[in-house]
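Protein chains in written order, with this note's numbering: chain A, 11 to 152; chain B, 3 to 313.
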Amino acid sequence: MKHVQSIQARFGIPDEVFKGLEPIQAQDTVFVGTREVMKFNAVNPMRRGIRLCRIFSYSTKPTTWAMQVLGSRATKNVIALSEEQARRIINGGELRLEADVEDGFVLLRWNEFTIGVGLYRRPVLKSQIPRFRAVEESSAEG
Amino acid sequence: MSRPARRFPKEFLDRYSQFIPDFSEFLEAMQTPLRRTFRINSLKTSRDRALELLSDLRPKPIPWTDLGFSVEDGDRLGLRIEHFIGLIYVQEAASMVPPLFLSPLPRERVLDLAAAPGSKTTQMSAMMQNSGLVIANDQSPGRVRALISNVDRAGCLNVVVCRRDGGILASALRGSCDRVLVDAPCSSEGTIRKSTEALDRWSVAAIRRFSGVQRRLALAGYDALRPGGTMVYSTCTLAPEENEQVVAELLRSRPEARVLPASLPGLKTRSGLAGFNGQEFPDSLALAARILPQDNDTEPFFAAVVQRAAL
């Protein structure tokens, strides 16, 4: 599917990450899950797997939750954050920073973990992480 | 540390002093706030790496699971980055037991009939290494939202979420599931340690009301099993009407069903009851597990493992 390929291409996610998984499109959203999840037809479920991306006329926006589990091997358009930066971004804030990435959607990494998706317009990084999940600001930040 | 002494309803004391051993210890434990416990999500990280990141909390292992831990100062566990990115799932220690009894394997088809908010769904998804299929169902719209949210955070790619009447869904899946978890809606006596509001709502009438729903779900869950498949029926309550009596009814309706031993190394359990209020239960219910709060410092729980006969 072209939307999966565009996400793989933008972030350098290898094919093996999607091995055994299938995408399915429902209106402007693509979901991804195991083959068994996609074949399930005993009843019509509310949800299959995880929402992979939203499709807009101008771009494909990957979701934080899918990238947390599928984005750990991404090699491009990834910005590494300190713990303090990660907390600020998770809580919906923005950062000003120089990063060796293209403008547009980027993956945000704390240690080896993808924490979610951001929107980078040099030099501003805006959080695209759902805001209903706050994390505690670091005690080290005061 | 105990809360100030709580007045339990006389009816509560009368019925449970009949069969709960070490009753004063039980009451003491029921008035003691629960410790905070969590499970490491093996879909997202390794046990060692999670423990390294959480070392400031000095997590203590829960004896019956490699991935479960308790912490002394865990009030802010849900506000940590590790929680946000799904490396850990805050889950009561006894609630980790039913999936361990069920032991789902990679590539199997598993039905979680009353799944919200998703602690056991996500645990089983991880046990299955994100393969196969977990059908996670809950009828309540609000609770299904929480279920989807937790499935997302835990990174479960092998889960479909349904919002159906459990009996109707199980009928549609008749004979097709390798394993079924019926963690039934219950009178939630077990949650008294979390909040004494459960005690304010407590009544024998509520227990009887839940019992009817539970009997229907247990039977439907059993019928969803393929021949040779295994079901765990569990609740976080003490009432025999919601536990042994439900399984006894199932055994009467499905005589080919058999109860298997429910035990885990490191978990102290008591046998299922032989009878209650003049009603005798089948001998095999002694193989079911009653988890009492004074034994493992958990909520009370009940679980029975039931196997459908192979063809």
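Ideal placement from N, C-alpha and C gives every residue a C-beta, glycine not left out.
Are the beta-carbon atoms belonging to residue i and residue j less than 8 Å from one another?
{"i": "B/P108", "j": "B/G134", "result": "yes"}
{"i": "B/T239", "j": "B/G192", "result": "yes"}
{"i": "B/K122", "j": "A/V79", "result": "no"}
{"i": "B/G274", "j": "B/L289", "result": "yes"}
{"i": "B/P65", "j": "B/R272", "result": "no"}
{"i": "B/A222", "j": "B/S173", "result": "yes"}
{"i": "B/A291", "j": "B/A264", "result": "yes"}
{"i": "B/S44", "j": "B/L69", "result": "yes"}
{"i": "A/R57", "j": "B/I137", "result": "no"}
Among the options, which has the Cα closest to the Cα of residue i?
{"i": "B/R210", "options": "B/E244, B/Y235 and B/G76", "result": "B/E244"}
{"i": "B/F103", "options": "B/M233, B/I137 and B/F21", "result": "B/M233"}
{"i": "A/R131", "options": "A/N121, A/I139, A/W120 and A/L105", "result": "A/L105"}
{"i": "B/P11", "options": "B/L29, B/F21 and B/D24", "result": "B/L29"}
{"i": "B/R82", "options": "B/D68, B/D58 and B/W66", "result": "B/D58"}
{"i": "B/P115", "options": "B/N160, B/A128 and B/R166", "result": "The sequence shown places Leu at residue 115 of chain B, rather than the Pro named in the question. With distances taken between Cα atoms, B/L115 lies closest to B/R166."}
{"i": "B/E281", "options": "B/E74, B/R37, B/I293 and B/V248", "result": "Per the sequence shown, the amino acid found at residue 281 of chain B is Gln instead of Glu. B/Q281 has its Cα closest to that of B/V248, out of B/E74, B/R37, B/I293 and B/V248."}
{"i": "B/R218", "options": "B/V163, B/G230 and B/D185", "result": "B/D185"}
{"i": "B/S190", "options": "B/Q216, B/G177 and B/D297", "result": "B/Q216"}
{"i": "A/R64", "options": "A/P72, A/R58 and A/R57", "result": "A/P72"}
{"i": "B/S324", "options": "B/E27, B/Q141, B/I293 and B/Q131", "result": "The structure shown does not extend to residue 324 of chain B, since chain B is modelled only from 3 through 313, so no value can be given for it."}
{"i": "B/G88", "options": "B/K196, B/A128, B/A312 and B/V136", "result": "B/A128"}
{"i": "B/L15", "options": "B/A222, B/V261 and B/V206", "result": "B/V206"}
{"i": "B/M98", "options": "B/T300, B/A208 and B/A311", "result": "B/T300"}
{"i": "A/V42", "options": "B/S44, B/V153, B/Y18 and B/S286", "result": "B/V153"}
{"i": "A/A96", "options": "A/Q37, A/F123, A/R83 and A/V47", "result": "A/F123"}
{"i": "B/R37", "options": "B/T67, B/S26, B/S72 and B/A312", "result": "B/S72"}
{"i": "B/A96", "options": "B/E74, B/V308 and B/P302", "result": "B/P302"}
{"i": "A/P33", "options": "A/N87, A/K12, A/Q138 and A/T74", "result": "A/K12"}
{"i": "B/F212", "options": "B/R310, B/R254 and B/A241", "result": "B/A241"}
{"i": "B/L175", "options": "A/D113, A/F50 and A/D110", "result": "A/F50"}
{"i": "B/F194", "options": "B/E94, B/L183 and B/L53", "result": "Sequence check: residue 194 of chain B is Ile here, not Phe. Of B/E94, B/L183 and B/L53, the residue nearest in Cα terms is B/E94."}
{"i": "A/E108", "options": "A/G59, A/V40 and A/N87", "result": "A/N87"}
{"i": "B/V162", "options": "B/F278, B/Q131, B/L113 and B/W204", "result": "B/L113"}
{"i": "B/R310", "options": "B/F304, B/R203, B/F278 and B/P257", "result": "B/P257"}
{"i": "A/I89", "options": "A/Q138, A/R57 and A/R119", "result": "A/R119"}
{"i": "B/P229", "options": "B/P119, B/R181 and B/R203", "result": "B/R181"}
{"i": "A/A36", "options": "A/M48, A/V27, A/D110 and A/E26", "result": "A/M48"}
{"i": "B/M2", "options": "B/A306, B/D297, B/K62 and B/L79", "result": "With chain B covering only 3 through 313, there is no way to say anything about residue 2 of chain B."}
Is DSSP giving residue i helix, strand or coil here?
{"i": "A/V134", "result": "strand"}
{"i": "A/S16", "result": "helix"}
{"i": "B/I22", "result": "coil"}
{"i": "B/L113", "result": "strand"}
{"i": "B/Q131", "result": "coil"}
{"i": "B/T271", "result": "coil"}
{"i": "A/W230", "result": "This structure cannot settle anything about residue 230 of chain A, because the visible part of chain A is limited to 11 through 152."}
{"i": "A/Q35", "result": "strand"}
{"i": "A/E93", "result": "helix"}
{"i": "B/K295", "result": "Rather than Lys, the amino acid found at residue 295 of chain B in this sequence is Pro. B/P295 falls in the helix class under three-state DSSP."}
{"i": "A/G152", "result": "Here the model assigns A/G152 a pLDDT of 23, short of 50, so the residue's position is not dependable, and the following value carries that caveat. In the structure shown, A/G152 sits in coil (DSSP, three-state: anything other than H, G, I, E or B)."}
{"i": "A/G22", "result": "coil"}
{"i": "B/T124", "result": "helix"}
{"i": "A/V53", "result": "coil"}
{"i": "B/T34", "result": "coil"}
{"i": "B/D202", "result": "helix"}
{"i": "A/Q66", "result": "The displayed chain sequence assigns Phe, not Gln, to residue 66 of chain A. It is coil, neither helix nor strand."}
{"i": "B/G177", "result": "coil"}
{"i": "A/T44", "result": "strand"}
{"i": "A/G30", "result": "coil"}
{"i": "B/P11", "result": "coil"}
{"i": "B/A288", "result": "helix"}
{"i": "B/T300", "result": "coil"}
{"i": "A/D3", "result": "Since the first residue of chain A shown is 11 and the last is 152, residue 3 of chain A is not available in this structure."}
{"i": "B/R256", "result": "coil"}
{"i": "B/L29", "result": "helix"}
State yes or no: is the beta carbon of residue i nearer than 8 Å to at least one beta carbon in chain D?
{"i": "B/S26", "result": "Included in the structure are the protein chains A and B, with no chain D among them."}
Based on DSSP bridge pairs, tell me the residues matched to residue i.
{"i": "B/R185", "result": "Looking at the sequence itself, residue 185 of chain B is Asp, so the reference to Arg does not match. According to DSSP, B/D185 bridges with B/S236."}
{"i": "A/L105", "result": "A/L135"}
{"i": "A/F115", "result": "A/L129"}
{"i": "B/Q281", "result": "B/F278"}
{"i": "A/R58", "result": "B/V162"}
{"i": "B/L262", "result": "B/V307"}
{"i": "A/F123", "result": "A/W120"}
{"i": "B/T39", "result": "B/S72"}
{"i": "B/L227", "result": "B/C179"}
{"i": "B/V215", "result": "For B/V215, which the question treats as bridged, DSSP gives no partner whatsoever."}
{"i": "A/V88", "result": "A/L117"}
Compute every distance between the C-beta of residue i and the non-hydrogen atoms of the ligand MN, then say whether any falls below 7 Å.
{"i": "B/S286", "result": "Ligands displayed in this structure: none; no statement on the ligand MN is therefore possible."}
Sequence ranges, alpha helix (DSSP H) only - wholly within the segment 48–99 of chain B, length at least 4: Fully enclosed alpha helix (DSSP H) runs of 4 or longer: 49–55 and 83–86.
Mind listing, in chain order, the continuous beta strand (DSSP E) runs of no fewer than 3 residues lying wholly within the segment 135–175 of chain B? Secondary structure within the segment 135–175 of chain B: the beta strand (DSSP E) runs of 3 or more consecutive residues, fully enclosed, are 135–139 and 161–164 (chain order).
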